[in-house]
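Residue numbers (my numbering): 2 to 404. Input: a single structure, listed below in C-alpha coordinates.
Shown next as C-alpha coordinates:
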(Lines of atoms letter the chains of each structure in order from A and count residues from 1; the text may use other names and numbers.)
(Lines give C-alpha, C1' and ligand atoms only; values in the text may rest on other atoms or scores of the structure.)
Protein backbone atom coordinates (compact mmCIF):
# COMPACT_ATOMS: atom_id res chain seq x y z
CA UNK A 1 0.00 0.00 0.00
CA UNK A 2 2.91 2.36 0.67
CA UNK A 3 4.05 2.41 -2.95
CA UNK A 4 0.77 4.00 -4.03
CA UNK A 5 2.06 7.30 -2.67
CA UNK A 6 5.67 7.14 -3.86
CA UNK A 7 5.12 9.65 -6.67
CA UNK A 8 3.02 12.13 -4.75
CA UNK A 9 4.33 15.53 -3.71
CA UNK A 10 5.16 15.95 -0.03
CA UNK A 11 2.19 17.01 2.04
CA UNK A 12 1.96 19.20 5.08
CA UNK A 13 2.03 16.05 7.17
CA UNK A 14 5.26 14.63 5.73
CA UNK A 15 7.69 17.57 5.49
CA UNK A 16 8.34 18.15 9.14
CA UNK A 17 5.97 21.06 9.54
CA UNK A 18 7.26 22.91 6.47
CA UNK A 19 4.94 24.65 4.01
CA UNK A 20 3.85 22.34 1.17
CA UNK A 21 5.83 22.49 -2.08
CA UNK A 22 4.05 23.98 -5.11
CA UNK A 23 4.27 22.71 -8.73
CA UNK A 24 7.51 23.98 -10.18
CA UNK A 25 9.23 24.13 -6.78
CA UNK A 26 10.71 20.64 -6.84
CA UNK A 27 14.45 20.95 -6.27
CA UNK A 28 14.22 24.49 -4.81
CA UNK A 29 15.89 25.22 -1.44
CA UNK A 30 13.68 24.30 1.46
CA UNK A 31 12.25 27.10 3.58
CA UNK A 32 13.74 26.94 7.10
CA UNK A 33 11.37 25.56 9.70
CA UNK A 34 9.12 28.22 11.16
CA UNK A 35 8.25 28.54 14.80
CA UNK A 36 5.17 26.56 15.67
CA UNK A 37 2.07 28.54 16.42
CA UNK A 38 0.32 28.13 19.73
CA UNK A 39 -1.90 25.12 20.09
CA UNK A 40 -5.08 27.09 19.61
CA UNK A 41 -3.82 28.26 16.18
CA UNK A 42 -2.32 24.97 14.97
CA UNK A 43 -5.38 24.25 12.88
CA UNK A 44 -4.55 27.16 10.52
CA UNK A 45 -1.07 25.84 9.81
CA UNK A 46 -2.40 22.44 8.86
CA UNK A 47 -5.20 23.51 6.50
CA UNK A 48 -4.58 22.74 2.78
CA UNK A 49 -4.11 25.87 0.68
CA UNK A 50 -6.72 26.68 -1.97
CA UNK A 51 -4.96 29.68 -3.51
CA UNK A 52 -1.44 28.99 -4.82
CA UNK A 53 -0.30 32.54 -4.15
CA UNK A 54 -1.11 32.11 -0.49
CA UNK A 55 -0.14 28.50 -0.24
CA UNK A 56 3.60 29.41 -0.42
CA UNK A 57 3.41 31.88 2.46
CA UNK A 58 4.61 30.96 6.01
CA UNK A 59 1.77 29.95 8.30
CA UNK A 60 1.32 32.24 11.32
CA UNK A 61 -0.93 34.87 12.84
CA UNK A 62 -1.42 36.57 9.43
CA UNK A 63 -3.23 33.59 7.98
CA UNK A 64 -6.75 34.75 8.92
CA UNK A 65 -6.12 38.05 7.14
CA UNK A 66 -4.87 36.22 4.07
CA UNK A 67 -7.99 34.09 4.05
CA UNK A 68 -10.19 37.18 4.31
CA UNK A 69 -8.49 38.68 1.25
CA UNK A 70 -8.96 35.44 -0.60
CA UNK A 71 -12.62 35.40 0.41
CA UNK A 72 -13.08 39.00 -0.72
CA UNK A 73 -11.56 38.30 -4.12
CA UNK A 74 -13.65 35.18 -4.39
CA UNK A 75 -16.77 37.24 -3.70
CA UNK A 76 -15.93 39.67 -6.47
CA UNK A 77 -15.24 36.76 -8.79
CA UNK A 78 -18.67 35.34 -7.97
CA UNK A 79 -20.29 38.68 -8.82
CA UNK A 80 -18.50 38.76 -12.18
CA UNK A 81 -19.52 35.19 -12.83
CA UNK A 82 -23.15 36.04 -11.99
CA UNK A 83 -23.13 38.96 -14.44
CA UNK A 84 -21.67 36.76 -17.16
CA UNK A 85 -24.20 34.05 -16.42
CA UNK A 86 -27.08 36.54 -16.77
CA UNK A 87 -25.74 37.76 -20.12
CA UNK A 88 -25.28 34.19 -21.30
CA UNK A 89 -28.79 33.30 -20.19
CA UNK A 90 -30.26 36.19 -22.18
CA UNK A 91 -28.29 35.16 -25.28
CA UNK A 92 -29.31 31.54 -24.81
CA UNK A 93 -32.94 32.64 -24.47
CA UNK A 94 -32.83 34.44 -27.82
CA UNK A 95 -31.15 31.47 -29.51
CA UNK A 96 -33.60 29.12 -27.86
CA UNK A 97 -36.54 31.09 -29.28
CA UNK A 98 -35.21 30.77 -32.81
CA UNK A 99 -34.47 27.08 -32.29
CA UNK A 100 -38.05 26.47 -31.12
CA UNK A 101 -39.46 27.97 -34.33
CA UNK A 102 -37.06 25.95 -36.45
CA UNK A 103 -38.12 22.75 -34.67
CA UNK A 104 -41.80 23.67 -35.03
CA UNK A 105 -41.30 24.31 -38.74
CA UNK A 106 -39.64 20.92 -39.22
CA UNK A 107 -42.40 19.17 -37.28
CA UNK A 108 -45.12 20.90 -39.32
CA UNK A 109 -43.40 19.96 -42.59
CA UNK A 110 -43.09 16.34 -41.43
CA UNK A 111 -46.81 16.24 -40.55
CA UNK A 112 -47.79 17.63 -43.97
CA UNK A 113 -45.43 15.19 -45.70
CA UNK A 114 -46.77 12.13 -43.85
CA UNK A 115 -50.37 13.23 -44.39
CA UNK A 116 -49.76 13.70 -48.12
CA UNK A 117 -48.11 10.28 -48.45
CA UNK A 118 -51.03 8.67 -46.64
CA UNK A 119 -53.59 10.46 -48.79
CA UNK A 120 -51.83 9.46 -52.01
CA UNK A 121 -51.50 5.85 -50.85
CA UNK A 122 -55.19 5.67 -49.94
CA UNK A 123 -56.16 7.28 -53.24
CA UNK A 124 -53.96 4.85 -55.13
CA UNK A 125 -55.47 1.86 -53.32
CA UNK A 126 -59.03 3.07 -53.89
CA UNK A 127 -58.41 3.69 -57.59
CA UNK A 128 -56.75 0.29 -57.92
CA UNK A 129 -59.80 -1.38 -56.37
CA UNK A 130 -62.38 0.56 -58.35
CA UNK A 131 -60.64 0.27 -61.73
CA UNK A 132 -57.42 -1.46 -62.80
CA UNK A 133 -56.47 1.51 -64.96
CA UNK A 134 -57.40 5.18 -65.13
CA UNK A 135 -60.69 6.10 -66.80
CA UNK A 136 -59.37 7.62 -70.00
CA UNK A 137 -62.85 7.98 -71.51
CA UNK A 138 -63.05 11.31 -69.68
CA UNK A 139 -60.28 12.57 -71.95
CA UNK A 140 -62.41 12.20 -75.08
CA UNK A 141 -65.71 13.68 -76.21
CA UNK A 142 -66.31 11.38 -79.16
CA UNK A 143 -64.59 9.16 -81.68
CA UNK A 144 -60.87 9.75 -81.35
CA UNK A 145 -57.43 8.77 -82.56
CA UNK A 146 -54.86 7.96 -79.90
CA UNK A 147 -51.22 8.95 -80.35
CA UNK A 148 -48.20 7.19 -78.85
CA UNK A 149 -44.78 8.82 -79.12
CA UNK A 150 -41.94 6.31 -79.39
CA UNK A 151 -38.75 8.37 -79.54
CA UNK A 152 -35.47 6.96 -78.28
CA UNK A 153 -33.62 3.70 -77.86
CA UNK A 154 -35.64 0.50 -77.73
CA UNK A 155 -34.75 -0.99 -74.37
CA UNK A 156 -36.10 -1.97 -70.97
CA UNK A 157 -36.33 1.45 -69.30
CA UNK A 158 -40.05 1.74 -68.49
CA UNK A 159 -40.74 4.44 -71.10
CA UNK A 160 -42.86 4.19 -74.25
CA UNK A 161 -39.72 2.79 -75.92
CA UNK A 162 -39.87 -0.28 -73.68
CA UNK A 163 -42.16 -3.33 -73.72
CA UNK A 164 -43.83 -2.48 -70.42
CA UNK A 165 -44.35 1.17 -71.36
CA UNK A 166 -45.78 0.45 -74.81
CA UNK A 167 -48.06 -2.24 -73.39
CA UNK A 168 -49.48 0.20 -70.84
CA UNK A 169 -50.27 2.79 -73.53
CA UNK A 170 -51.82 0.24 -75.87
CA UNK A 171 -53.98 -1.01 -73.00
CA UNK A 172 -55.23 2.53 -72.44
CA UNK A 173 -56.29 2.75 -76.07
CA UNK A 174 -57.79 -0.73 -75.94
CA UNK A 175 -59.94 0.03 -72.90
CA UNK A 176 -61.13 3.42 -74.16
CA UNK A 177 -64.16 2.82 -76.42
CA UNK A 178 -63.86 6.29 -77.95
CA UNK A 179 -60.37 5.61 -79.32
CA UNK A 180 -60.91 3.90 -82.66
CA UNK A 181 -57.31 3.76 -83.87
CA UNK A 182 -53.76 4.64 -82.84
CA UNK A 183 -50.93 6.54 -84.51
CA UNK A 184 -47.47 5.35 -83.45
CA UNK A 185 -45.08 8.28 -83.92
CA UNK A 186 -41.64 6.65 -84.33
CA UNK A 187 -38.26 8.36 -84.13
CA UNK A 188 -35.74 5.69 -83.15
CA UNK A 189 -32.57 4.13 -84.46
CA UNK A 190 -33.28 0.78 -82.84
CA UNK A 191 -32.17 -1.02 -79.71
CA UNK A 192 -32.10 -4.46 -78.16
CA UNK A 193 -33.42 -7.41 -80.12
CA UNK A 194 -35.46 -8.90 -77.30
CA UNK A 195 -37.25 -5.65 -76.41
CA UNK A 196 -38.04 -5.13 -80.10
CA UNK A 197 -39.42 -8.64 -80.39
CA UNK A 198 -41.77 -8.17 -77.44
CA UNK A 199 -43.00 -4.77 -78.59
CA UNK A 200 -43.59 -6.07 -82.12
CA UNK A 201 -45.81 -8.77 -80.62
CA UNK A 202 -47.86 -6.17 -78.71
CA UNK A 203 -48.45 -4.15 -81.88
CA UNK A 204 -49.32 -7.27 -83.87
CA UNK A 205 -51.87 -8.42 -81.28
CA UNK A 206 -53.53 -5.02 -80.84
CA UNK A 207 -57.17 -5.21 -81.87
CA UNK A 208 -57.54 -1.68 -83.25
CA UNK A 209 -55.80 -0.22 -86.33
CA UNK A 210 -52.28 1.16 -85.84
CA UNK A 211 -50.70 3.59 -88.30
CA UNK A 212 -46.98 4.43 -88.09
CA UNK A 213 -45.77 7.97 -88.68
CA UNK A 214 -42.00 7.84 -89.25
CA UNK A 215 -39.97 10.87 -88.21
CA UNK A 216 -36.24 11.18 -88.95
CA UNK A 217 -35.37 7.54 -88.19
CA UNK A 218 -37.22 4.24 -88.10
CA UNK A 219 -34.49 1.63 -88.04
CA UNK A 220 -33.56 -1.83 -86.79
CA UNK A 221 -35.61 -2.86 -83.72
CA UNK A 222 -37.86 0.17 -84.17
CA UNK A 223 -38.63 -0.95 -87.70
CA UNK A 224 -39.39 -4.49 -86.53
CA UNK A 225 -42.05 -2.95 -84.27
CA UNK A 226 -43.36 -0.70 -87.07
CA UNK A 227 -43.56 -3.58 -89.51
CA UNK A 228 -46.42 -5.07 -87.47
CA UNK A 229 -48.63 -1.97 -87.93
CA UNK A 230 -51.44 -1.73 -90.46
CA UNK A 231 -49.89 1.14 -92.40
CA UNK A 232 -46.50 2.91 -92.47
CA UNK A 233 -45.95 6.54 -93.45
CA UNK A 234 -42.48 7.94 -94.12
CA UNK A 235 -41.07 11.30 -95.04
CA UNK A 236 -38.97 11.42 -98.16
CA UNK A 237 -35.84 11.87 -96.09
CA UNK A 238 -36.68 9.36 -93.37
CA UNK A 239 -33.95 6.78 -92.73
CA UNK A 240 -35.80 3.47 -92.46
CA UNK A 241 -35.00 -0.21 -92.44
CA UNK A 242 -31.48 -1.21 -91.35
CA UNK A 243 -32.66 -4.79 -90.98
CA UNK A 244 -29.84 -6.66 -89.31
CA UNK A 245 -28.32 -7.83 -86.04
CA UNK A 246 -24.97 -7.06 -84.47
CA UNK A 247 -23.04 -8.28 -81.44
CA UNK A 248 -19.88 -6.44 -80.48
CA UNK A 249 -16.87 -7.81 -78.63
CA UNK A 250 -14.00 -5.45 -77.83
CA UNK A 251 -10.52 -6.88 -77.23
CA UNK A 252 -8.45 -4.62 -74.96
CA UNK A 253 -5.84 -7.22 -74.02
CA UNK A 254 -2.99 -5.45 -75.85
CA UNK A 255 -3.86 -2.15 -74.17
CA UNK A 256 -3.80 -3.86 -70.79
CA UNK A 257 -0.36 -5.28 -71.58
CA UNK A 258 0.99 -1.82 -72.45
CA UNK A 259 -0.38 -0.46 -69.20
CA UNK A 260 1.15 -3.32 -67.25
CA UNK A 261 -2.22 -4.61 -66.10
CA UNK A 262 -2.76 -8.33 -65.81
CA UNK A 263 -6.23 -9.85 -65.52
CA UNK A 264 -6.90 -13.32 -64.13
CA UNK A 265 -10.33 -14.65 -65.09
CA UNK A 266 -11.43 -17.53 -62.89
CA UNK A 267 -14.29 -19.14 -64.79
CA UNK A 268 -16.24 -22.38 -64.69
CA UNK A 269 -15.72 -22.95 -68.43
CA UNK A 270 -13.08 -21.94 -70.95
CA UNK A 271 -15.38 -19.63 -72.91
CA UNK A 272 -17.15 -18.01 -69.96
CA UNK A 273 -14.85 -14.98 -70.22
CA UNK A 274 -14.97 -14.80 -74.02
CA UNK A 275 -17.05 -11.60 -74.03
CA UNK A 276 -15.08 -9.78 -71.32
CA UNK A 277 -12.56 -8.31 -73.76
CA UNK A 278 -9.50 -9.33 -71.77
CA UNK A 279 -8.35 -11.79 -74.43
CA UNK A 280 -8.95 -12.40 -78.14
CA UNK A 281 -11.75 -14.72 -79.23
CA UNK A 282 -10.80 -18.18 -80.36
CA UNK A 283 -11.91 -19.38 -83.79
CA UNK A 284 -14.48 -21.66 -82.19
CA UNK A 285 -15.92 -18.84 -80.09
CA UNK A 286 -16.14 -16.49 -83.05
CA UNK A 287 -18.00 -19.13 -85.07
CA UNK A 288 -20.38 -19.72 -82.16
CA UNK A 289 -21.24 -16.01 -81.80
CA UNK A 290 -21.73 -15.69 -85.54
CA UNK A 291 -24.26 -18.51 -85.46
CA UNK A 292 -26.04 -16.84 -82.54
CA UNK A 293 -26.30 -13.55 -84.44
CA UNK A 294 -27.60 -15.30 -87.54
CA UNK A 295 -30.30 -17.06 -85.52
CA UNK A 296 -31.50 -13.81 -83.96
CA UNK A 297 -31.44 -12.07 -87.33
CA UNK A 298 -33.55 -14.82 -88.87
CA UNK A 299 -36.21 -14.09 -86.26
CA UNK A 300 -36.05 -10.43 -87.28
CA UNK A 301 -36.47 -11.28 -90.98
CA UNK A 302 -39.41 -13.60 -90.35
CA UNK A 303 -41.13 -10.97 -88.20
CA UNK A 304 -40.82 -8.31 -90.92
CA UNK A 305 -41.99 -10.73 -93.61
CA UNK A 306 -45.10 -11.58 -91.61
CA UNK A 307 -45.90 -7.98 -90.71
CA UNK A 308 -45.35 -6.58 -94.22
CA UNK A 309 -46.89 -9.56 -96.00
CA UNK A 310 -43.69 -10.16 -97.95
CA UNK A 311 -41.77 -13.32 -98.71
CA UNK A 312 -38.88 -14.25 -96.48
CA UNK A 313 -36.57 -14.28 -99.48
CA UNK A 314 -37.46 -10.70 -100.41
CA UNK A 315 -36.95 -9.44 -96.88
CA UNK A 316 -33.66 -11.32 -96.60
CA UNK A 317 -32.47 -9.60 -99.76
CA UNK A 318 -33.27 -6.25 -98.16
CA UNK A 319 -31.65 -7.23 -94.84
CA UNK A 320 -28.26 -5.75 -95.63
CA UNK A 321 -28.13 -3.76 -92.41
CA UNK A 322 -28.27 -0.57 -94.46
CA UNK A 323 -30.85 2.19 -94.21
CA UNK A 324 -33.16 3.24 -97.02
CA UNK A 325 -34.52 6.69 -97.77
CA UNK A 326 -38.27 7.05 -97.33
CA UNK A 327 -39.02 7.14 -101.05
CA UNK A 328 -36.92 4.02 -101.67
CA UNK A 329 -38.63 2.20 -98.80
CA UNK A 330 -42.00 2.81 -100.45
CA UNK A 331 -40.67 1.35 -103.68
CA UNK A 332 -39.22 -1.82 -102.11
CA UNK A 333 -42.24 -2.44 -99.89
CA UNK A 334 -40.84 -1.56 -96.47
CA UNK A 335 -43.24 1.42 -96.24
CA UNK A 336 -46.65 2.23 -97.70
CA UNK A 337 -46.75 5.94 -98.43
CA UNK A 338 -44.88 9.22 -98.20
CA UNK A 339 -46.79 11.50 -95.86
CA UNK A 340 -46.55 13.72 -92.81
CA UNK A 341 -47.92 13.30 -89.31
CA UNK A 342 -51.37 14.71 -90.16
CA UNK A 343 -51.66 12.24 -93.03
CA UNK A 344 -51.11 9.43 -90.56
CA UNK A 345 -53.86 10.81 -88.31
CA UNK A 346 -56.32 10.94 -91.19
CA UNK A 347 -55.42 7.41 -92.24
CA UNK A 348 -55.91 6.12 -88.70
CA UNK A 349 -59.32 7.78 -88.48
CA UNK A 350 -60.29 6.20 -91.79
CA UNK A 351 -59.11 2.73 -90.75
CA UNK A 352 -60.83 3.16 -87.39
CA UNK A 353 -64.15 3.69 -89.12
CA UNK A 354 -64.89 7.07 -87.61
CA UNK A 355 -68.26 7.81 -89.25
CA UNK A 356 -68.04 11.56 -88.82
CA UNK A 357 -64.74 11.61 -90.64
CA UNK A 358 -64.78 15.04 -92.23
CA UNK A 359 -61.46 16.36 -91.03
CA UNK A 360 -62.74 17.01 -87.50
CA UNK A 361 -62.02 14.38 -84.85
CA UNK A 362 -60.39 14.24 -81.45
CA UNK A 363 -56.72 13.40 -81.06
CA UNK A 364 -55.71 11.97 -77.68
CA UNK A 365 -52.07 11.88 -76.65
CA UNK A 366 -51.60 8.73 -74.60
CA UNK A 367 -49.16 9.08 -71.72
CA UNK A 368 -48.07 6.81 -68.92
CA UNK A 369 -49.71 7.09 -65.51
CA UNK A 370 -47.63 9.15 -63.06
CA UNK A 371 -46.12 7.33 -60.12
CA UNK A 372 -47.09 8.20 -56.55
CA UNK A 373 -43.73 9.92 -56.08
CA UNK A 374 -44.12 12.20 -59.07
CA UNK A 375 -47.67 13.01 -57.98
CA UNK A 376 -46.34 13.96 -54.55
CA UNK A 377 -43.73 16.25 -56.06
CA UNK A 378 -46.42 17.92 -58.15
CA UNK A 379 -48.55 18.39 -55.04
CA UNK A 380 -45.70 19.91 -53.07
CA UNK A 381 -45.14 22.31 -55.94
CA UNK A 382 -48.67 23.75 -55.82
CA UNK A 383 -49.49 27.24 -54.60
CA UNK A 384 -51.08 25.90 -51.41
CA UNK A 385 -47.84 24.23 -50.34
CA UNK A 386 -45.89 27.35 -51.28
CA UNK A 387 -48.24 29.45 -49.12
CA UNK A 388 -47.61 27.22 -46.10
CA UNK A 389 -43.86 27.52 -46.59
CA UNK A 390 -44.11 31.30 -46.92
CA UNK A 391 -46.16 31.55 -43.71
CA UNK A 392 -43.58 29.54 -41.80
CA UNK A 393 -40.73 31.65 -43.14
CA UNK A 394 -42.48 34.94 -42.28
CA UNK A 395 -43.24 33.71 -38.76
CA UNK A 396 -39.59 32.80 -38.21
CA UNK A 397 -38.47 36.22 -39.47
CA UNK A 398 -40.83 38.01 -37.05
CA UNK A 399 -39.60 35.93 -34.12
CA UNK A 400 -36.01 36.73 -35.06
CA UNK A 401 -36.79 40.48 -35.18
CA UNK A 402 -38.35 40.38 -31.69
CA UNK A 403 -35.31 38.57 -30.33
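Here a beta-carbon is modelled for each residue, glycine too, at the ideal position from N, C-alpha and C.
- Nearest in C-alpha terms to residue 193, of all of 347, 336, 163, is 163.
- In this structure residue 219 is buried. Its beta-carbon is surrounded by 16 or more other beta-carbon atoms within 10 angstroms.
- When DSSP reads this structure, residue 185 sits in a beta bridge with 149, 213.
- DSSP places residue 366 inside the beta strand (DSSP E), whose first and last residues are 363-366.
- When DSSP reads this structure, residue 232 sits in a beta bridge with 212.
- Put simply, of 301, 356, 339 the residue whose alpha carbon is nearest the alpha carbon of residue 191 is 301.
- Fewer than three Cβ pairs drawn from the stretch 262-276 and the stretch 318-336 lie within less than 8 angstroms of each other, which leaves the two stretches out of contact.
- With distances taken between CA atoms, residue 310 lies nearest to 229 out of 229, 195, 161.
- Counting the other Cβ atoms within 10 Å of the Cβ of residue 222 gives 16 or more, which makes it buried.
- Secondary structure of residue 166 (DSSP, three-state): helix.
- Close CB contacts of residue 367 within its chain, under the 7 angstroms cut and outside five residues either way in sequence, are with 147, 148, 149, 170, 173, 174 (chain order).
- By the neighbour-count criterion, in which 16 or more other beta carbons inside 10 Å mark a residue as buried, residue 238 falls on the exposed side.
- Pairwise C-beta distances place the stretch 209-216 in contact with the stretch 337-357, as three or more of them are shorter than 8 angstroms.
- Judged by DSSP in its simplified three-state form, residue 333 adopts helix.
- When the five nearest sequence neighbours on each side are left out, the beta carbons in the same chain lying within less than 6 angstroms of the beta carbon of residue 342 are those of 214, in order along the chain.
- CA-to-CA, the gap between residue 234 and residue 290 works out to about 35 angstroms.
- If you draw a straight line from the Cα of residue 231 to the Cα of residue 344, it is about 14 angstroms long.
- Taking all protein chains in view, the Cβ of residue 177 is crowded by 16 or more other Cβ atoms within 10 Å, so the residue is classified as buried.
- Inclusion of residue 330 and residue 241 in the CB contact set at 7 angstroms is warranted, their separation being smaller than that value.
- In the three-state scheme derived from DSSP, where H, G and I count as helix and E and B as strand, residue 325 is classed as strand.
- The secondary-structure analysis by DSSP pairs residue 338 across a beta bridge with 234.
- Counting only residues of its own chain and dropping the five nearest sequence neighbours on each side, residue 203 has a CB closer than 8 angstroms to the CB of 164, 167, 168, 171.
- Apart from sequence neighbours up to five positions away, the residues of its chain that approach residue 251 with a beta-carbon distance below 8 angstroms are 278, ordered along the chain.
- The alpha-carbon of residue 236 is positioned some 12 angstroms away from that of residue 186.
- Pairing residue 217 with residue 268, the inter-Cα distance amounts to about 45 angstroms.
- DSSP places residue 200 in the helix class (H, G or I) of the three-state scheme.
- Membership of residue 240 in the beta strand (DSSP E) is indicated by the continuous run 240-242.
- For residue 308, the enclosing alpha helix (DSSP H) covers residues 284-309.
- Spatial neighbours of residue 152 in its own chain (CB-CB distance under 6 angstroms, excluding positions within 5 residues in sequence) are listed in chain order as 188.
- Per DSSP, the unbroken alpha helix (DSSP H) holding residue 225 starts and ends at 222-227.
- The continuous alpha helix (DSSP H) containing residue 316 extends over residues 313-319.
- In the three-state DSSP reduction, residue 112 falls in the helix class (H, G or I).
- Residue 181 counts as buried, since at least 16 other C-beta atoms from the protein chains shown sit within 10 angstroms of its C-beta.
- Checking the DSSP bridge columns, you'll see residue 159 has no partner listed.
- If you draw a straight line from the Cα of residue 258 to the Cα of residue 270, it is about 24 angstroms long.
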